[in-house]
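Each residue of the sequence shown is one higher than the last, beginning at 8 in the numbering used here. Glycine included, C-beta positions come from ideal geometry on N, C-alpha and C.
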Amino acid sequence: PGEYGIDVISKLRPLAPGCRFVVLTTYADPDDIRRAMEAGVDGYILKEALPEEMITALRLVGRGRPYYDPAVMQLVMQRPGKENDPLSDLTEREREILDALARGMSNKEIASTLHVTEHTVKKHVSSILSKLGLKDRTQAALYAVAHGMGTPFKDISVATREVIR
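This is the structure in structure tokens:
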């Protein structure tokens, strides 16, 4: 009582590192969304979402993939960013890997696509996290989407079919 949900999640995250957190809210404030991303929230769903969208979102998060309501991500991307773009610190290969993370690809899938080893992908992911000041690959994926990189799913109907199986 008296605490914001995101503050509670920030406190619970270290106590339950394997737990996935989804925010269900009526608010689509860009600052709240950024705070949720910084807290490591795995999903952010607006209460106005259709039941099918909520089910799909929860299934994706349950499988370890991030889900942020598309309307929410549009708000975050429209907001003016910092003058100093942290993405400019990334190498071209790191940008490719970050883009792949935004698409929900695993290290194995990224390695296969880029014709490198999984170990190499892991090293690049660690470098990306360090350069961007992020905690994990979920935050990296959400950060990438928020900065206009990648499309989490090229064909949402394919993604939805995959989740429903």
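message: Let's see if you can read the secondary structure: which residues bound the alpha helix (DSSP H) around D127?
response: In the sequence as displayed, the identity of residue 127 is Thr instead of Asp. Residues E125 to L139.
task: Give the straight-line distance between the Cα atoms of S17 and G155, rounded to the nearest whole angstrom.
output: If you take the alpha carbons of S17 and G155, they lie about 26 Å apart.
- request: Answer with buried or exposed for R70, where buried requires no fewer than 16 other C-beta atoms within 10 angstroms of its C-beta.
  value: Exposed is the label assigned to R70, since fewer than 16 other Cβ atoms lie within 10 Å of its Cβ.
- request: Leaving out five residues on either side along the sequence, give the residues of the same chain with a beta carbon under 8 Å from the beta carbon of V132.
  value: Closer than 8 Å at the Cβ level, and outside the excluded window around V132, lie I104, L108, N114, R144 and A147.
message: For a test of the three-state rule: what should DSSP assign to G111, helix, strand or coil?
response: G111: coil per DSSP, three-state reduction.
Of the listed residues Y11, K142, T120 and Y51, nearest to D76 (C-alpha basis): Nearest C-alpha to D76: Y51.
Start and end residues, beta strand (DSSP E) containing T32: That run of the beta strand (DSSP E) goes V29 to T32.
For L65 and A78, the rounded distance between their alpha carbons: Taking the straight line from one Cα to the other gives about 17 Å.
field: Span of the beta strand (DSSP E), counted from its first residue to its last, around Y11
entry: Unbroken run through Y11: none, as it is neither H nor E.
- prompt: Looking at C-alpha atoms only, which residue of A43, R100 and L97 is the closest neighbour of Y34?
  reply: Considering only alpha carbons, the answer is A43.
message: Am I right that R72 and G12 are in contact with their C-beta atoms under 8 Å? What's the rounded C-beta distance?
response: Incorrect: roughly 21 Å between the Cβ atoms, too far for contact.
- prompt: G71 bridges to which residues according to DSSP?
  reply: Here G71 is not bridged, per DSSP, to any residue.
task: Using the Cα positions of L19 and E45, report the straight-line distance between them to the nearest angstrom.
output: Approximately 14 Å between the Cα atoms of the pair.
message: Tell me which residues share the same chain as L82 and place their Cβ nearer than 6 Å to its Cβ, disregarding the 5 neighbours each side in the sequence.
response: Within the same chain, Cβ atoms closer than 6 Å to the Cβ of L82 are found at A35 and P37, the five residues on either side in sequence being excluded.
- prompt: Would the beta-carbon of A151 fall within 8 Å of that of D106?
  reply: Contact: yes.
query: For L19, which three-state DSSP category applies?
result: Reduced to three states, the DSSP call for L19 is helix.
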